[in-house]
Structure formats: C-alpha cells, structure tokens
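Trainee: Take this structure first; my questions come after.
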Ligand SMILES: [Zn+2]
Ligand SMILES: [Zn+2]
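In my numbering, the protein residues as written are 1 to 451.
Have a look at this one:
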C-alpha cells in the first residue's frame, strides 16, 4: 500500500477498521424505513458534530416538497419515539422537522468556507420492509445483530454504507488537523458528506437534497454501493453503466358495487378493469434501442365474492436503459391503464410515487480513481466500468453535477453475498467496509491535492 497522506490519516484513527464493522452491526440491529431514519441520522449528526463538521439538517438539508410515499403520522411518531428510547439526542431528532432525516456534514480544507474543489460523497441510510430470519444459518442472527425492529431489515447494505461514511468522516477530520498542524496546506477544498434518507423505491430522498442546491457547487461527486454488480470481496469498479431509469406508479380503479347475482348490470367492475390492465401491461411491446421493463407488483381490492368489486389498487413500475426508453414505456403503460378503465366504464386515478433518471459515470474521473485504487490495492481486481442493472436515485445528483460542468461517478465495492439484495438472507462480507472507506478517503485526498 502506498504511503499516502490518506494512509497516514488512517493509521492515526486507531482501530477504525473494527469500529466501522461495529457501526455496521449497530445500524443493522436498528433498521429504519424511508423518512423515519431518526436514530440513524441522530447518531450520524452527533458523530459529525464531535468531529468538527458543520452539520446541516431539516429544511436546510432537504426540500419537503420533493418527498413522496411518506409513512403515516402514527408510524412516523412511533419511529421517532423508538429512536428516542434507544438514546437518540432529543435536540437532533427535533431538528429533523417533519421527518426530514437527511444529514449533510461539511468539512473545509481551506482558510475560507466553500474553497474549491468541492468533493461530495453520498451515503444512503434507509432499510426496507422485510422480515429478517431468526435462524442460525443467517449470520446476523447467529452473531446477535439481527434486526430488533420487526418487519424492517437492512437487506440492501445501506447499514454498511452509513458505517463507511462515518469511517470516512473520521479519517478526513484527522487529515484536516494534520493539514493545519503541518501548515503546508497540502490539501485544499471542501468536502460534503451527504447522508441521504429514502433511497429505496425512488421516493425523493435524492431529489429532496439536489433540489435545495447542495450539489450545485460540486466539482466531484461520488456515490457507491456494496455488492451490486461487483460480487466478490476486493473487486472494485470505479464507474457504473446501465442504470435503469424508472417510474413508480400507483393506479386506483374506482367502479360501483352491486349484487353479483341479483343486479350485476348496476355494477361497474373495477377488478375486471384492473385485471385487463395487468395482463396488457405485461404484454406491451418493447423498444428496439435498449432494455425496458414493466412490472405490476401489487394488486389489492374487493370485499366479498358476491359483490361487484368497486375499488382496486395496482402498484407498478416501468424501467428503461435510459430516460427516453423509460418515458416510452411509461407513456404506453398510461394508455393501457386508461384504456382498461374506459373498457369497463370505471374511473382510474394515477399517481407517480417515485422516479429516477438514468446516468453515466464520467470516464475521466473513473480512470483517475482506478489509478489511485490500483496503487492502493495492487492485488485487487479493479475495473473502470461495470454494469449496474438496477436504479439508484444517486442519478439525480450525477445528472445535476454533470449539467454544471462537474464530474460524477458511482463506484461498486465488491463483496461476497449470502443472498441477493433485498433477499431475506441478505448479508455481505464485512471486509468490504474498511476497503471502501480507505478507498474513498484516498480518492478524496487525491482530489483535494489536485493529484
Ligand atoms: Zn435496495
Ligand atoms: Zn441499495
């Protein structure tokens, strides 16, 4: 390993590798759903405050209007109470007004605030609605750090992302001190660590931060994921392609109920309309210029076998290899939904509950980071581009940074997995955590030194 500034900083942070793994297990034990990441965010904010970061939260960090699919107020209050019972600071939880749980830490490596370049790193922190198995074959359970929050699980690795972010925060804070003590200001610029809620389901977590303008001044933006695309520990991709642009929709069909035997002619059958829509959505013709997907994942409705059904909800999504292909499929899907409603003379209400554009990593930045990675990890499999094949709302940041002339990339940190992402037995080789944190610290230091 090269004797870099970043590496020296790492050595100063005693036991940081172990600490990152402990953090991951702690966050895994107490997972939180979108817009209710109160405990997670409070721990992050406390850590950043202690390290000397300028901490931005609440409405200063996020635009409330960009949020979607908020949980009900009862569920949100319960999550808040649970976080406080688990020791989250009251004042920090209060700062997350109305469930705005994003936290941004800013660290300056210059004499003036906002000195250039500005490097932003994004870490997502939400979990998903999944039941974690209580079986010995599942390592988190066997080792005593399985979810304590019933029905919620970190099954996408975002617990690891937060732990990596805290490790990066600690090492960079040491580097600022060294910069000041040596007086040679080897590094110059500003670092923004963005801890983002609600990545899953594209419910506006990324948009809410981008829309406040937090990446408008960013020269270099890096997001990352554990175990996606790169699936063996030690493998790293410094760029990503094939983000699927996506739109998430809810369609509600409203008809009129009536007696199924006595007066079926008086009814307007919402269930038939929804069923026609489901079959025809999946039969949509595809685009010749790239991958597209459509899926209806949920159908809910009806009350009894002898009643003409008057209310059905579909939850569906479209995806495309780029925004244009997704727009094509979304447009066709909307026609099918409206057509099915018209066929059965029912009303259809459509709401868009999530969306993500596509994006590509900047090739020059990917190359530069790959060179740093090859020096740092000479025996590892380092690639400059790999395929993602899913969506991530990091693409909102990437798009904005590229529009403003900055460079953005999405890194993949390989990890051996026990199950696929979102699977019940999902777990990853924790050795990826210090690898990712060291890499991000080294890369950030290089960017701040203009290397
Ligand atoms: Zn996920
Ligand atoms: Zn994820």
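All C-beta atoms in this analysis are idealised placements derived from N, C-alpha and C, irrespective of residue type, glycine included.
Check each residue's C-beta against every heavy atom of ligand 1 and list, in chain order, those closer than 6 Å.
Mentor: Spelled out in chain order, the answer is 156, 200, 421, 422.
Trainee: Taking its Cβ as the centre, do 16 or more other Cβ atoms sit within 10 Å of residue 81, making it buried, or is it exposed?
Mentor: The residue in question, residue 81, is exposed, as its Cβ has fewer than 16 Cβ neighbours within 10 Å.
Trainee: Can you check which of these residues, 256, 213, 33, 430, is closest to residue 232 by C-alpha distance?
Mentor: Considering only alpha carbons, the answer is 430.
Trainee: Could you please give me the residues that DSSP links to residue 203 through a beta bridge?
Mentor: According to DSSP, residue 203 bridges with nothing at all.
Trainee: I need the straight-line Cα distance from residue 244 to residue 358, nearest angstrom please.
Mentor: Cα to Cα, residue 244 sits roughly 6 Å from residue 358.
Trainee: List the whole-angstrom C-beta distance separating residue 310 from residue 341, where the pair is believed to meet the contact cut-off of C-beta under 8 Å.
Mentor: Actually they are not in contact, since the Cβ atoms of residue 310 and residue 341 sit about 13 Å apart, beyond 8 Å.
Trainee: Determine the direct distance from the alpha carbon of residue 299 to that of residue 452, and round the result to whole angstroms.
Mentor: Here the chain comprises residues numbered 1 to 451, so residue 452 is not present and cannot be evaluated.
Trainee: Check for me: the beta strand (DSSP E) holding residue 196 runs from which residue to which?
Mentor: That run of the beta strand (DSSP E) goes 190 to 196.
Trainee: Is it right to say residue 482 is buried, meaning 16 or more other beta carbons lie within 10 angstroms of its own, or is it exposed?
Mentor: Because the chain spans 1 through 451 in this model, residue 482 falls outside it and cannot be assessed.
Trainee: Does the separation of the CB atoms of residue 416 and residue 426 fall below 7 Å?
Mentor: It is not a contact, given that the beta carbons lie outside the stated cut-off.
Trainee: Any contact of the segment 61 to 73 with the segment 150 to 170, i.e. 3+ C-beta pairs under 8 Å?
Mentor: No, because fewer than three Cβ pairs between the segment 61 to 73 and the segment 150 to 170 fall closer than 8 Å, the two stretches do not touch.
Trainee: Consult DSSP for residue 311 and reduce its assignment to one of helix, strand or coil.
Mentor: Looking at residue 311 - three-state DSSP - the assignment turns out to be strand.
Trainee: Residue range of the beta strand (DSSP E) that residue 124 falls in?
Mentor: Start and end: 118 to 124.
Trainee: Go ahead and label residue 422 buried or exposed: buried means 16 or more other beta carbons lie within 10 angstroms of its beta carbon, across all protein chains shown.
Mentor: Exposed: under 16 other Cβ atoms inside 10 Å.
Trainee: Less than 7 Å separating the beta-carbons of residue 41 and residue 103?
Mentor: Yes, the pair counts as a contact, with Cβ atoms nearer than the cut-off.
Trainee: Pull up the DSSP beta-bridge partners for residue 129, would you.
Mentor: Paired residue(s): 152.
Trainee: For residue 55, which option in 177, 78, 101 has the closest C-alpha, if you only look at C-alpha atoms?
Mentor: Comparing Cα positions, the closest option is 101.
Trainee: With a threshold of 16 other CB atoms inside 10 Å of the CB of residue 210, please say whether the residue is buried or exposed.
Mentor: So residue 210 ends up on the buried side.
Trainee: Considering only the alpha carbon of each residue, which of 20, 320, 181, 381 lies closest to residue 356?
Mentor: Taking only the C-alpha atoms, the option nearest residue 356 is 320.
Trainee: Excluding the five sequence neighbours on either side, which residues of its own chain have a C-beta within less than 6 Å of the C-beta of residue 2, listed in chain order?
Mentor: Here the model assigns residue 2 a pLDDT of 45, short of 50, so the residue's position is not dependable, and the following value carries that caveat. 375.
Trainee: May I have a chain-ordered list of the beta strand (DSSP E) segments no shorter than 3 residues that lie completely inside the segment 28 to 88?
Mentor: List check, beta strand (DSSP E) in window: 54 to 57.
Trainee: State the Cα-Cα distance for the pair residue 456 and residue 195, rounded to the nearest angstrom.
Mentor: Residue 456 lies beyond the residue range present for the chain, which begins at 1 and ends at 451; the question has no answer from this structure.
Trainee: Where do the N-terminal and C-terminal ends of the alpha helix (DSSP H) with residue 446 fall, by residue?
Mentor: 432 to 448 is the extent of the alpha helix (DSSP H) around residue 446.
Trainee: Grab the span of the alpha helix (DSSP H) containing residue 97 for me, first residue to last.
Mentor: Taken as a continuous stretch (DSSP letters only), residue 97 belongs to no alpha helix (DSSP H), as it is neither H nor E.
Trainee: Report the partner residues of residue 299 according to the DSSP bridge assignment.
Mentor: Partner(s): 314.
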